[in-house]
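Scroll down for the structure; my scribbles are underneath it.
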């Protein structure tokens with residue numbers, strides 16, 4: 002690792018800065034009360050900037066995965082259930098998001114966190130828009146800097 006850092010130190014600095022900048026933009030739109038979703042976008046930021054050549058860092062996966070996460074989390078909120086069954090409903094949201102991402106070839110692990118966050122907190126249009134804008138922003142930054150980005154992991 003130290004050898005890699007010595008060789009690619011500029012990439013480490015640039016990519017960490019881009020990740021921090023992207024998260025600043027995200028945090029301007031999302032309040033910390035949606036901590037699970039913020040954490041999910043933070044994990045997306047890690048994938049996009051530390052593993053930029055990974056299939057899960059592609060725009061299709063980032064955007065598609067988070068949209069699927071939003072949909073699955075939202076669907077779980079309309080299932081009538083007793084509060085004692087919350088854990089089961091939340092688990093269904095995560096499992097369904099994984100199934101749909103695999104079927105649609107939009108695998109993006111942090112997007113299951115989006116499904117969980119929406120299942121827990123409920124659907125809010127401002128949160129959905131923030132997640133979509135965040136996924137688009139991360140994907141645009143990734144695309145704009147792709148020739149400079151190297152896998153750091």
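In my numbering, the protein residues as written are 2 to 154. Ideal Cβ positions, reconstructed from N, Cα and C, are used throughout, including at glycine.
Compare the C-alpha of residue i against each of the options and name the closest.
| i | options | result |
| --- | --- | --- |
| residue 69 | 116, 58, 84, 48 | 116 |
| residue 59 | 113, 106, 7, 153 | 106 |
| residue 114 | 21, 23, 17, 73 | 73 |
| residue 21 | 42, 33, 84 | 42 |
| residue 99 | 122, 112, 77 | 112 |
| residue 124 | 39, 23, 55, 71 | 71 |
| residue 88 | 101, 104, 23, 122 | 122 |
If we count the other Cβ atoms within 10 Å of its Cβ and call it buried at 16 or more, is residue i buried or exposed?
| i | result |
| --- | --- |
| residue 92 | exposed |
| residue 66 | buried |
| residue 141 | exposed |
| residue 77 | buried |
| residue 150 | buried |
| residue 38 | buried |
Once you ignore the five residues that flank residue i on each side, which residues in its own chain have a CB closer than 6 Å to its CB?
| i | result |
| --- | --- |
| residue 26 | 138 |
| residue 131 | 30, 31 |
| residue 10 | none |
Quick one: what's got a C-beta closer than 7 Å to residue i's C-beta in the same chain, skipping five residues either side?
| i | result |
| --- | --- |
| residue 57 | 48, 108, 109, 110 |
| residue 63 | 45, 49, 109, 136, 139, 140 |
| residue 19 | 50, 142, 146 |
| residue 95 | 113, 116, 117 |
If residue i and residue j are in contact, beta carbons under 8 Å, what's the gap, nearest whole angstrom?
| i | j | result |
| --- | --- | --- |
| residue 51 | residue 134 | Not a contact, Cβ separation roughly 22 Å. |
| residue 119 | residue 75 | 6 Å |
| residue 143 | residue 53 | 6 Å |
Spatial neighbours of residue i within its chain, please: CB distance less than 8 Å, with the 5 preceding and 5 following residues excluded, ordered by chain position.
| i | result |
| --- | --- |
| residue 13 | 6, 153 |
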